[in-house]
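Notes follow once the structure below has been shown.
2 protein chains.
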Amino acid sequence: MIKIVAKNFIKEDKMDEFIALAKNLVEETNKNDEGCLKYELFQDMNNPNVYTIIEEWENGEFLQKHIASKHFKEIILQIDPCCEKPGEMNIYKKVE
Amino acid sequence: MIKIVAKNFIKEDKMDEFIALAKNLVEETNKNDEGCLKYELFQDMNNPNVYTIIEEWENGEFLQKHIASKHFKEIILQIDPCCEKPGEMNIYKKVE
């Protein structure tokens with residue numbers, strides 16, 4: 004299992020637009036993408052313009068397929084202008 | 004439910020020491036701390052000195068109790084000298 008923490012920094016005047024797009028991405032991914040164990044959207048309680056998607060995938064191959072999917076590429080293109088700076092993504096493995 | 008992402012930057016020569024301490028913290032927290040839904044240790048696959056604890060708590064009160072607990076305070080004191088710089092912590096609520 005791999006875990007993704009994908010942090011986005013959203014412009015003040017683009018929050019509603021971003022939330023609608025991100026919810027759509029969560030829905031499409033959960034519905035369509037094989038190997039997706041979890042895909043959830045969170046808002047930072049101290050920095051309300053920080054929105055983070057926390058994901059679990061069976062393995063890296065399924066993650067790559069997700070990133071190559073039509074819905075991901077289309078929605079990410081629309082999310083991009085909502086961001087005030089580039090996001091941060093960490094890919095993690097669990098320490099047992 | 005609240006979600007915590009707590010990122011730690013560990014010195015090269017302190018990795019083993021940190022892992023032992025963090026595993027102990029994970030174990031003590033899962034065993035003792037009320038309201039803890041999940042408390043897991045991850046390693047960044049691209050930056051192996053980045054270790055992140057991803058947590059789920061029923062609410063902020065249980066998180067505060069955890070932070071005030073004897074095991075948390077004792078272990079954090081020992082983890083501190085393993086870190087090359089201050090960690091980062093985000094507290095998130097889920098966007099439904």
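If you read the sequences in order, they're chains A and B. Note that the working numbering has the first sequence beginning at 4, numbered continuously upward. Note that the working numbering has the second sequence beginning at 4, numbered continuously upward. Glycine residues also receive a C-beta, built at the ideal position from the N, C-alpha and C atoms.
Task: Range covered by the beta strand (DSSP E) that runs through K17/B - done: Here residue 17/B refers to the residue found at position 14 of the second sequence. Counting along the chain, K17/B falls outside any beta strand (DSSP E), and DSSP gives it neither H nor E.
TODO: Could you tell me how far apart the beta carbons of M18/A and N52/A are, in whole angstroms, since I believe they sit closer than 8 Å?
DONE: Taking the first residue of the first sequence as position 1, residue 18/A is located at position 15. Taking the first residue of the first sequence as position 1, residue 52/A is located at position 49. At roughly 7 Å, the Cβ-Cβ gap stays under 8 Å, so M18/A and N52/A are in contact.
- [ ] Would you kindly work out how many angstroms separate the C-alpha atoms of Q67/B and E58/B, rounded to a whole number?
- [x] On the second sequence, residue 67/B is found 64 positions in, with the first residue counted as 1. On the second sequence, residue 58/B is found 55 positions in, with the first residue counted as 1. Approximately 13 Å, taken between the alpha carbons.
- [ ] Take Y95/A and list the residues in its own chain whose beta-carbon comes closer than 6 Å to its own, dropping the five residues that flank it on each side.
- [x] Sequence index remark: in the first sequence, residue 95/A carries index 92 (1-based). K6.
TODO: Rounded to whole angstroms, what's the CA-CA distance from E87/A to I70/A? Just pull it up for me.
DONE: Taking the first residue of the first sequence as position 1, residue 87/A is located at position 84. Taking the first residue of the first sequence as position 1, residue 70/A is located at position 67. Rounded to the nearest angstrom, the two C-alpha atoms are 22 Å apart.
Open item on the list: Less than 6 Å between C-beta atoms, sequence neighbours within five positions excluded: which residues of the same chain meet that for L24/B?
Closed with: For the purposes of this step, residue 24/B is taken as residue 21 along the second sequence, with counting starting at 1. Closer than 6 Å at Cβ, skipping near neighbours: I78, Q81, I82.
Open item on the list: For V98/A and E20/A, I'd like the C-alpha separation in whole angstroms.
Closed with: For the purposes of this step, residue 98/A is taken as the residue at position 95 of the first sequence. For the purposes of this step, residue 20/A is taken as the residue at position 17 of the first sequence. Cα-Cα distance, rounded: 37 Å.
- [ ] With 8 Å as the C-beta to C-beta threshold (strictly closer), list the residues of the region 17–30 of chain A near chain B in chain order.
- [x] I22, A25, K26
Open item on the list: Beta carbons nearer than 9 Å to chain B: which residues of the region 63–86 of chain A have them?
Closed with: G63
- [ ] Can you pull the chain B residues whose beta carbon is under 7 Å from the beta carbon of K41/A, in chain order?
- [x] The count along the first sequence starts at 1 and reaches residue 41/A at position 38. The premise fails here: K41/A is roughly 11 Å from chain B at the closest Cβ pair, so nothing lies under 7 Å.
Task: Partner residues on chain B for I57/A, Cβ-Cβ distance less than 9 Å - done: Taking the first sequence and counting its residues from 1, the one referred to as residue 57/A is at position 54. Within 9 Å Cβ-Cβ: K6, V8, I57, Y95.
Task: Identity of the residue in P89/A, T32/A, D36/A, E15/A nearest L44/A by Cα - done: The residue given as residue 44/A occupies position 41 in the first sequence. Residue T32/A is the option with its Cα nearest to L44/A.
TODO: Tell whether a beta-carbon distance below 8 Å holds between K26/A and G90/A.
DONE: To locate residue 26/A, count along the first sequence from 1; it is residue 23. To locate residue 90/A, count along the first sequence from 1; it is residue 87. It is not a contact, given that the beta carbons lie outside the stated cut-off.
TODO: Please go through the same chain and pick out, in chain order, the residues whose beta-carbon is closer than 8 Å to the beta-carbon of I13/A, but skip the five residues on each side of it.
DONE: Start at 1 with the first residue of the first sequence, and residue 13/A comes out as number 10. Contacts found: F21, N52, V53, Y54, C85, C86, E87.
Open item on the list: Run through chain A and tell me which residues come within less than 8 Å of N11/B, C-beta to C-beta.
Closed with: For the purposes of this step, residue 11/B is taken as residue 8 along the second sequence, with counting starting at 1. Simply none; closest approach about 12 Å.
Task: Any C-beta of chain A under 8 Å from that of N33/B - done: Your numbering for residue 33/B matches position 30 in the second sequence. So no, N33/B is outside the interface.
Open item on the list: Taking CB distances under 8 Å as the criterion, tell me whether D47/B reaches chain A.
Closed with: For the purposes of this step, residue 47/B is taken as residue 44 along the second sequence, with counting starting at 1. Yes, its Cβ sits closer than 8 Å to a Cβ of chain A.
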